[in-house]
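This report refers to the structure that appears directly beneath it.
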Amino acid sequence: MKICVVGTGYVGLVGAAIFSDWGNRIIGVDIDVEKIERIKGGEMPIFEPGLSEIVLKNIKNGNLSFTTSLSEGMSDAEIVFICVGTPESDTGHADLSAIWKVSQEIGQNLGDYKVVVVKSTVPVGTNEKIKRIIKENLRIQTEFDVVSNPEFLREGYSVEDMMDPDRTVIGSDSERALSVMRRLYEHLGKPIVECDFRSAEMIKYASNAFLATKISFINEMGQLCERADANVNVVAKGMGLDNRIGPRFLNAGIGYGGSCFPKDVEALYKTSTDQAYDFKLIRGVMEVNSMQKDHFVSKITRYFGKNLSGKTFAILGLAFKQNTDDIRESVAIKVAKLLRGFGANLRVYDPEAMYNAKKELGDAGITYCLDKYEAIEGSDSLVILTEWPEFASLDLGRIKGMLKTSTIFDGRNLLDSEKVESLGFVYFCVGKRTNGLELLDKRPTGHPGVILKNGR
Ligand code: UDX
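Taking this note's numbering, the leading residue of the sequence shown gets 821, the next gets one more, and so forth.
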């Protein structure tokens, strides 16, 4: 099949690469000239395992090419995918300006029947509006169909998610368009949910909001476990073995971040208020998520006091999750900023996100380190903020002598609390009463914080 993919962000670039790998002829389109040149040269604008190999292979065999001209990209295509960004606007709604612009241009360039497929995450009612805009902008009276085909890719795993999706959702009011879409996806042998536009649009938001709900639920269970002396990790394991619940997205931590969950959950809530409905559960999910990082930071300030000037924290992890260089809405970055706000100096390390983090955090009071041990060396305390597997395998014996106080604040429950405590660390994690919490509870209220060995 001949396919045009508009937008070369996560969704568009991965989509273009995988569609071409399935033997289709793909032209990727983006207005960013520099980005297109970089991709053509084999340099990926995003860190995504496995992606560059697939892109390069298919550029070489002629299945994948790129252009900055939409009319050129569209001219021969049977399907045109819209994969442009829908960031959060000031009001919390999705900003759809890029979608409207591309829809106008598609209308102006349409010369024969094509299926226009919307992969960007868009609120209910958007596909109908896209159809109207394309129609209003037609220069030649041409038949076309619009299809909603939301994506469910996770960053860091998008190649495997695209190649082996749990399901494909296709929202359309046209049997002709549905048959084109079936030809593209049927070979995967995975369930295809065929439905109306609005349900397809809603499935995407509902899925992300439900996963965010699981995270906020387990984070709030963690609050309860800390108070009731239970262990949230064990509770999650016990719950997750129930097939109806499932084990995934039950890791307590510092809250969810990233380019999707925060914006999509907020946008779903806005959709509900726009429909004069107060979606109380979603409001709670957002509130719990926003508080989660504050609970974590308060453990640090209860232990060390609210004036952290003169103290240095080793920060391991800046990306919003493991396996990505992405720091958009990263809770790790938010925690780093909160600690700076209390006057702390930071020695930071992330396996992939250093460049992006430096742009966001700047240089003042922050040392960017080449590895985890360099960050820890000479710091007062260790703070783990992203669930990179390499942080779970820290040599605890080695870091004991490197830290000025033997304290660890583990925001992702990566370390084995019993082992950490047995080595003499004061340990804090999420959702479990550790020796750190015991110690805080024994202190009189109004305690100024720990007095460091050297009197600082
Ligand atoms: C998410 C959805 O999973 C994906 O289907 C959708 O297309 C885009 O949004 P992504 O943003 O890549 O994908 O990240 P995901 O792996 O879902 O994690 C989101 C956030 O939740 C991260 O900050 C992560 O650290 C956090 N998280 C995840 C938890 O705190 N606990 C968990 O158990 C799982």
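C-beta: ideal position from N, C-alpha, C; glycine also.
Because the structure is a prediction, the values reported are computed rather than measured.
1) For the beta strand (DSSP E) that contains Asn1165, what are its first and last residues?
2) Can you give me the C-alpha to C-alpha distance between Arg952 and His1115, rounded to a whole angstrom?
3) Within 10 angstroms of its Cβ, does Tyr789 collect 16 or more other Cβ (buried), or is it exposed?
4) Suppose you measure from the CA of Ile1196 to the CA of Ala1134; what does that come to, to the nearest Å?
5) In three-state terms, what does DSSP make of Ile846?
6) Using beta-carbon positions only, say whether Ala836 and Val825 come within less than 7 Å of one another.
7) Taking only the alpha-carbon atoms, compute the straight-line gap between Lys1131 and Thr828 and give it to the nearest angstrom.
8) Does Tyr1169 pass the burial test, meaning 16 or more other C-beta atoms within 10 Å, or should it be called exposed?
9) Under the criterion of a Cβ to heavy atom distance below 6 Å, does Glu975 qualify as lining ligand 1?
10) Determine, using beta carbons only, whether Asp1049 and Arg1263 come nearer to each other than 7 Å.
11) Does at least one heavy atom of ligand 1 sit under 6 Å from the Cβ of Tyr784?
12) Pick from Thr1144, Ala1087 and Phe1069: whose alpha carbon is nearest that of Pro907?
13) What is the DSSP secondary structure of Phe972, counted as helix, strand or coil?
14) Mind checking whether the beta-carbon of Cys1249 lies closer than 6 Å to any heavy atom of ligand 1?
15) Which two residues bound the contiguous alpha helix (DSSP H) that contains Leu1260?
16) Based on Cα-Cα distance, which residue from Leu1234, Ile851 and Ala1152 lies nearest to Cys903?
17) Between Cys1080 and ligand 1, is the CB less than 6 Å from at least one heavy atom?
18) Which residues does DSSP pair with Ile1135 in a beta bridge?
19) Does DSSP put Gly1275 in a helix, a strand or coil?
20) Does the beta-carbon of Thr1294 have 16 or more other beta-carbons within 10 angstroms, so that it is buried, or is it exposed?
21) Which runs of the beta strand (DSSP E), 3 residues or longer, sit entirely within the region 1063 to 1142?
22) Could you tell me which whole alpha helix (DSSP H) segments of length 4 or greater appear in the region 1191 to 1244?
23) Let's test the definition: count the other Cβ atoms within 10 Å of the Cβ of Val1013 and tell me whether it reaches 16, buried, or not, exposed.
24) Indicate the three-state DSSP secondary structure (helix, strand or coil) for Val938 in the structure shown.
25) Taking the alpha carbon of Glu995 as the reference point, which residue from Asp965, Tyr977 and Thr988 has its own alpha carbon closest?
26) Quick check: is any heavy atom of ligand 1 less than 6 Å from the C-beta of Phe1287?
27) Hey, is the region 1060 to 1078 in contact with the region 1112 to 1129, meaning 3+ C-beta pairs nearer than 8 Å?
28) For the structure I just gave you, are there three or more beta carbon pairs, one from the region 839 to 851 and one from the region 877 to 891, closer than 8 Å?
29) Thinking just about the alpha-carbon of each residue, which of Lys1083, Asn1028 and Leu1260 is nearest to the one in Glu1149?
Checking against the coordinates, here is how it stands:
1) Against the sequence shown, residue 1165 aligns to sequence position 345. Residues Asn1165 to Tyr1169.
2) Taking the first residue of the sequence shown as position 1, residue 952 is located at position 132. Taking the first residue of the sequence shown as position 1, residue 1115 is located at position 295. Distance between the alpha carbons of Arg952 and His1115: 47 Å.
3) Since the displayed the chain opens at 821 and closes at 1276, residue 789 lies outside it and no answer follows.
4) Against the sequence shown, residue 1196 aligns to sequence position 376. Against the sequence shown, residue 1134 aligns to sequence position 314. Their backbone Cα atoms lie some 5 Å apart in a straight line.
5) As a first step, residue 846 is located in the sequence shown; it is residue number 26 there, counting from the start. Ile846: strand per DSSP, three-state reduction.
6) In the sequence shown, counting from the first residue as 1, residue 836 sits at position 16. In the sequence shown, counting from the first residue as 1, residue 825 sits at position 5. Taking 7 Å as the Cβ cut-off, Ala836 and Val825 qualify as a contacting pair.
7) Translated into the one-based positions of the sequence shown, residue 1131 becomes position 311. Translated into the one-based positions of the sequence shown, residue 828 becomes position 8. The straight-line gap from Cα to Cα measures roughly 43 Å.
8) Taking the sequence shown and counting its residues from 1, the one referred to as residue 1169 is at position 349. Buried, because 16 or more other Cβ atoms sit within 10 Å of the Cβ of Tyr1169.
9) Position 155 of the sequence shown, counted from the start, is the residue given in the question as residue 975. Yes - ligand 1 has a heavy atom lying nearer than 6 Å to the Cβ of Glu975.
10) Against the sequence shown, residue 1049 aligns to sequence position 229. Against the sequence shown, residue 1263 aligns to sequence position 443. In this structure, Asp1049 lies away from Arg1263, with their beta-carbon atoms at least 7 Å apart.
11) Because the chain here runs from 821 to 1276, residue 784 falls outside it and cannot be looked at.
12) Counted from its first residue, the sequence shown places residue 907 at position 87. Nearest to Pro907 by C-alpha distance, out of Thr1144, Ala1087 and Phe1069, is Ala1087.
13) Taking the sequence shown and counting its residues from 1, one reaches residue 972 at position 152. Correct three-state label for Phe972: coil.
14) As a working mapping, residue 1249 is identified with position 429 in the sequence shown. For Cys1249, the shortest C-beta to heavy atom distance toward ligand 1 is 6 Å or greater.
15) The residue given as residue 1260 occupies position 440 in the sequence shown. Here the alpha helix (DSSP H) through Leu1260 covers Asn1255 to Lys1262.
16) One-based indexing of the sequence shown puts residue 903 at position 83. Residue Ile851 is the option with its Cα nearest to Cys903.
17) Position 260 of the sequence shown, counting from 1, holds the residue named residue 1080. Checking the Cβ of Cys1080 against ligand 1 gives yes.
18) Your numbering for residue 1135 matches position 315 in the sequence shown. Answer by DSSP bridge pairing, in chain order: Val1168 and Val1203.
19) The residue given as residue 1275 occupies position 455 in the sequence shown. With a pLDDT of only 37 at Gly1275, under the threshold of 50, the placement of this residue in the model should not be trusted, and no figure is reported.
20) Residue 1294 is absent from the structure shown; the chain starts at 821 and stops at 1276.
21) 1132 to 1136
22) DSSP runs (the alpha helix (DSSP H)) wholly in the region 1191 to 1244: 1192 to 1196, 1209 to 1212, 1216 to 1220 and 1237 to 1242.
23) By 1-based counting over the sequence shown, the position of residue 1013 is 193. Exposed: under 16 other Cβ atoms inside 10 Å.
24) Within the sequence shown, residue 938 is the residue found at index 118, counting from 1. DSSP places Val938 in strand when its eight states are reduced to three.
25) Your numbering for residue 995 matches position 175 in the sequence shown. Closest by C-alpha distance to Glu995, out of Asp965, Tyr977 and Thr988, is Asp965.
26) The requested residue 1287 does not occur in the structure, where the chain is confined to residues 821 to 1276.
27) yes
28) yes
29) Here the question's residue 1149 lines up with position 329 in the sequence shown. Cα-wise, what sits closest to Glu1149 is Lys1083.
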